[in-house]
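Mind the numbering: the sequence shown is residues 10 to 463 in this note's numbering, read in order. Backbone N, C-alpha and C define an ideal beta-carbon position, used for all residues, glycine too. Below you'll find the structure, written out as structure tokens, and then a few comments.
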Amino acid sequence: MKRRITISTLIILLIALIIWCISRWDVWFDNPEEAPYEVSAVPTRVLLTFGDEDGMTSRNISWMCGSVVKPSYVEIKLLTDSVQATQRIEATGEVFVSRSGQAAYYVAKLRHLEEGGTYQYRVCTEGRTSDWHAFRLAKADEQETQFLFMGDIQDSIGGIANELLKRAIFRNPRTEFLVSGGDLTERPTDAYWAETFETLDSVGQAMPILTITGNHDYLKGIVGKLERRFSLIHSYFLDSMEGENQVFTVNYKNVQLFCLDSNREFFYLSTQREWLEKRLKASTAKWKIVVLHHPLYSIRGNMNNLIQRWMFDDLIREYGVDLVLQGHEHAYARMTWHDEDGTATTPIYTVSHCSPKNYRIEFDERFDKFGSGSRYYQTVKTHGDTLFLTTTDAIHEEKYDSLLIIKHGHLSSLRDAGRDIPEKIRFTPHLNNKKDKAFAERIKEYKQRKHIDN
């Protein structure tokens, strides 16, 4: 009898497991089809990025043109009071064959540029040219550094991300570069790549775009696959990869950013851990910032992303990282670390997104603040001994959160300037959706606990 019960229980569990796997199959393995496409014979999808670890004097420029490699180069000139000759920087080309087409991608590497200089450039492939674009380099002795961080953007076709990005830069005119927390593109298809470049139009040609990999950048499978196309576009990865890992670090004035690929399997993450420890140990930057896609402390469940936390979090705390910028979970949250005495200190962990999609979250008491139902971005500014972290609601164009990190030698103190800015948890549940109903109840309980009346 006991044996029958055991066998019956195992059969029921097996059936339940099969049903669950079927329900999750598309999430794990379904890749949207890529529609056939043709590539313009005129250079397009021009993108300015950092080049190597020297963020002050190196840049890469990538573009796409045609379906076979042709002689290509960048024409560039330094704008000064005197007439400057136009230089020609040769580009390397490579054909990438995707699931539904092929395109030639080009990369020109600009090195030893002049600090403080303003450059004008255009890209050329077999006599056909892009429009002229311009960018400015900062000087290493400038006291202030400022950049924008946007988590998942992954806009839908014909979306408003470009409008939001331009508004953000208008609101922050001293922005020097843009950091993307992964999932800049909804899926690895040509149509979504086209939408990504619509998002970056007029911005991605004038200031460096630094993006990391997100799960939507990968083709799904038992082992996810990142197309070569990703690195040909975000071309700093071509020289910075550690084995099969898309990692990159860049020094910019007194800031060093460390970019990880949190999407990889366990055995790849161990290689990234070794890379991160080596880079953090060697860093002399005043401000250390780690960027990765999956939050080390999830707002969607305590068991999420445990491998990533186990791999990286102790290094982040041991080597004095100030700020961890993360995406993936389609809401806003800020968490402050506390030392053994309970004193608030660094690192600061933020989760953010600027996508039309919003996810249900858990209101973990370790977090200082949450936001849901809108799209957000962070302004990171350093000046002397202070780092200013400001979160803006991109849709409503209003400050949503603010925090200051103040350095005192090797120690840091915090000032929570966003404490009195009201939290807004917006959510409209779908009828007869049990998960939505449960989330609505969690929101109600959280608002009561925090005395939120909106």
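If you draw a straight line from the Cα of ASP164 to the Cα of GLY418, it comes to about 42 Å. With distances taken between CA atoms, ARG180 lies nearest to THR399 out of TRP202, THR399, ARG428.
DSSP places GLN265 inside the beta strand (DSSP E), whose first and last residues are 264 to 268.
Exposure of HIS460 is indicated by the presence of fewer than 16 other C-beta atoms within 10 angstroms of its C-beta. Of the residues GLU151, SER211, LEU119, the one whose Cα lies closest to the Cα of THR53 is SER211.
The beta carbon of VAL55 is closer than 8 Å to those of ILE70, SER71, TRP72, VAL132, SER139, HIS142, GLY213, GLN214 in its chain, skipping five residues each way along the sequence.
Spatial neighbours of PHE206 in its own chain (CB-CB distance under 6 Å, excluding positions within 5 residues in sequence) are listed in chain order as ARG54.
Taking 4 residues as the minimum length, the alpha helix (DSSP H) runs contained wholly in the segment 271 to 337 are 275 to 291, 315 to 327, in order along the chain. The straight-line gap separating the alpha-carbon atoms of HIS337 and ILE316 is approximately 15 Å. CA-to-CA, the gap between ILE325 and GLN265 works out to about 13 Å. Per the Cβ contact rule, the segment 275 to 282 is not in contact with the segment 227 to 243 (fewer than 3 Cβ pairs under 8 Å). Cβ-Cβ distances below 7 Å link GLU253 to TYR277 in the same chain, with the five nearest sequence neighbours on each side left out; the list follows chain order. Excluding residues up to 5 positions away in sequence, GLY60, ASP61, ARG120 lie with their Cβ nearer than 6 Å to the Cβ of SER67 in the same chain. At a Cβ-Cβ threshold of 9 Å, LYS118 and ILE98 count as neighbours. Remark: C-beta atoms of THR58 and ILE169 do not approach each other more closely than 9 Å.
Put simply, of ALA200, THR354, SER383, ARG176 the residue whose alpha carbon is nearest the alpha carbon of LYS366 is SER383. The shortest C-alpha to C-alpha distance from GLY167 to any of MET344, ALA203, ASP192 is the one to ALA203.
With a threshold of 16 other beta carbon atoms within 10 Å, ILE21 falls short and is exposed.
In this structure, the CA atom of SER76 is about 59 Å from the CA atom of GLU349.
A straight line joining the alpha-carbon of THR127 with that of VAL83 spans about 16 Å. Between THR391 and LYS297, the C-beta spacing is not below 9 Å.
Cβ-Cβ separation between LEU187 and ILE162: approximately 10 Å, too far for a contact (criterion under 8 Å). As a beta-bridge residue in DSSP terms, LYS118 pairs with ASN69. Sorting ARG451, GLU432, PHE321 by C-alpha distance to the C-alpha of PRO438 places ARG451 at the top. Per the C-alpha coordinates, the member of GLU123, GLY427, GLU135 positioned closest to ALA113 is GLU135.
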